[in-house]
Structure formats: structure tokens, C-alpha cells
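Right, one structure below, let's go through it.
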């Protein structure tokens, strides 16, 4: 079960980042087919490489496994931006979000 989730999540995040499996493999210091093998269910990353994968996507392991968040890098970027705003600006954005949800 987790093997399938892991492979699908990597594929989805990689596609959103618009990078090939080969380029990602090389970027995390692995052979050119490494990510392809994970996405096809032929292998699983070690814990150390899993952390490299999370770093590559700029997300935490918790964010990686958060099934309720389809785009964790974007959510993280929005939160980082929100943390730089004052209370009034955050309140305005919150009101806008509530309006969008209707």
C-alpha cells in the first residue's frame, strides 16, 4: 500500500515540478533510472534517499505523506509568504479565501 502511494506521490510531485525522472534522479545523486524504478514499483528509496527526495521537493516528510494536500510545495510557499504579512493583511486574505470557498 505505502509502496504504491510513495511511487504515485513522487510521480505527481515530479510532474508538478515539470522535471523528468532522469533529471530528478541525477539531481539527488542517483543513477539516471533511479526515480523511474521507484515510480514503476521496482524499488523503494532508502530512508536517506527519501529525505533527499523531500529536500528536492522542498517539503518535509510529513508534508510528503499528507494525502489531503495535493500540492505541498505551493502550500508551503503560501504559508511562508503569509508569515511575512501583518495581521490586517492576513485577515484580508482570510476573508478572500472564505469568499472563494462559497
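In the working numbering, the protein residues as written are 47 to 148. Heads up, the beta-carbon is just placed ideally off N, CA and C, and yes, glycines get one too. If you're wondering where the values come from, they're calculated on a predicted model, not measured in any experiment.
query: Can you tell me whether DSSP reads residue 209 as helix, strand or coil?
result: The question about residue 209 has no answer here: the residues shown for the chain are numbered 47 through 148.
task: Give the DSSP-derived three-state secondary structure of residue 76 in the structure shown.
output: Taking the chain shown and counting its residues from 1, the one referred to as residue 76 is at position 30. Residue 76 falls in the coil class under three-state DSSP.
message: With a threshold of 7 Å on Cβ separation, who are the neighbours of residue 74 within its own chain once the five nearest residues in sequence on each side are excluded?
response: Locating residue 74 in the chain shown gives position 28, counting from the first residue. Excluding residues within five positions, the ones whose Cβ falls inside 7 Å are 95, 98, 99 and 102.
- prompt: At what residues does the alpha helix (DSSP H) containing residue 129 begin and finish?
  reply: Taking the first residue of the chain shown as position 1, residue 129 is located at position 83. No alpha helix (DSSP H) holds residue 129; DSSP gives it neither H nor E.
message: Mapping the DSSP letters down to three states, classify residue 114 as helix, strand or coil.
response: Along the chain shown, one-based indexing puts residue 114 at 68. DSSP places residue 114 in coil when its eight states are reduced to three.
Own chain partners of residue 72 with C-beta closer than 7 Å, once the 5 adjacent residues on each side are dropped: Position 26 of the chain shown, counted from the start, is the residue given in the question as residue 72. Taken in chain order, the residues that qualify are 78.
task: In the DSSP assignment, find the alpha helix (DSSP H) that holds residue 53 and state where it starts and stops.
output: Taking the first residue of the chain shown as position 1, residue 53 is located at position 7. Segment 48–63, the alpha helix (DSSP H) holding residue 53.
message: Let me make sure I understand the geometry here. Which of 148, 107 and 59 has the alpha-carbon closest to that of residue 85?
response: As a position in the chain shown, residue 85 is number 39, starting the count at 1. It is 59 whose Cα lies nearest to the Cα of residue 85.
task: Kindly indicate which three-state DSSP category residue 108 falls into: helix, strand or coil?
output: The residue labelled residue 108 in the question sits at position 62 within the chain shown. Three-state result, residue 108: helix.
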